[in-house]
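In what follows, a structure is listed as structure tokens, so that the remarks can point back to it.
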Amino acid sequence: MYWIALFSQTGSEIVELCNEIGRTPDLILTNNKEIEKHHPGVVLLSAPMYFSDHDGLMKFLRDNYNNPKEVLITLHGYLRIIPPDICNKFKIYNGHPGYITAYPELKGKDPQVRAWEGNYKWVGCVIHKVTPGVDEGPIEEQTGVPNTTTSLDELYSLLKRKSLYLWVKFMWRKFNENSDKRSTVSR
């Protein structure tokens with residue numbers, strides 16, 4: 535399976551995930567052209583990177599992958615809405631730091647802040663398939679825990695750890711579904 539990872543922020547989750555699973559993406563796409571803001575480990579992953587604005591990244595995906603069934607795309611803090619044609623063409627998965635199976639109102643932007651401000655009793659994360667509706671796709675992995683945090687920073691840290699746990703579990707499952715861990719993709 536050919537793995538493409540996207541990020542808009544620092545890419546730190548990709549670095550941590552790669553360290554945990556012992557594999558790097560075959561390609562990293564980012565709309566963050568400020569390289570000095572990237573996690574230093576992103577460069578050390580030795581994965582090819584493509585930089586563009588969101589529309590350029592979507593065009594790149596449309597134009598370069600003739601066999602999308604062999605491509606796995608993961609979103610790690612990618613802060614843009616994926617167009618419906620891309621959602622329907624590729625297998626795309628997003629990590630969301632809101633426990634939306636218990637609290638559907640946490641779909642969308644900044645669920646951690648809303649959970650903190652709302653004093654939610656439970657917090658958690660999900661990994662879901664990306665569909666044209668924001669955070670509407672089928673849930674692939676989820677975890678929820680009692681909210682015992684004492685600050686918003688502590689909540690961010692907790693959800694970051696829980697998200698990484700879900701990504702590791704998800705990626706092992708996806709890669710083990712295909713015995714050939716790095717297949718050739720026609721471009």
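With my numbering as the guide, the letters of the sequence shown map in order to residues 535 to 721.
Don't be surprised by glycine CBs; every beta carbon is placed ideally from N, CA and C.
Please read these numbers as outputs of a predicted model, since none were measured by experiment.
- For the 9 Å CB-CB criterion, LEU563 and ALA539 form a contact.
- LYS623: not part of any beta strand (DSSP E); member of the alpha helix (DSSP H) spanning 618 to 623, first to last residue.
- If you ignore the 5 residues before and after GLU651, its C-beta comes within less than 8 Å of no other C-beta in its own chain.
- Residue state for TYR633 is assigned as coil, using DSSP reduced to three classes.
- Using a C-beta cut-off of 8 Å, the stretch 656 to 675 makes contact with the stretch 698 to 707, since at least three inter-stretch Cβ pairs fall below that distance.
- Per DSSP, ALA581 is not a residue of any beta strand (DSSP E), being assigned neither H nor E.
- In this structure SER580 is in contact with THR558, their Cβ atoms being roughly 7 Å apart against a cut-off of 8 Å.
- Under the three-state reduction of DSSP, TYR654 is assigned to coil, being neither helix nor strand.
- In this structure, the alpha-carbon of CYS659 lies about 18 Å from that of THR684.
- Beta-bridge pairing by DSSP links ILE673 to HIS662.
- The DSSP-derived three-state label of ASN553 is helix.
- Between the alpha carbons of PHE594 and THR682 lies a gap of roughly 43 Å.
- In the three-state reduction of the DSSP assignment, TYR612 falls in the coil class.
- The secondary-structure analysis by DSSP pairs TRP537 across a beta bridge with LEU606.
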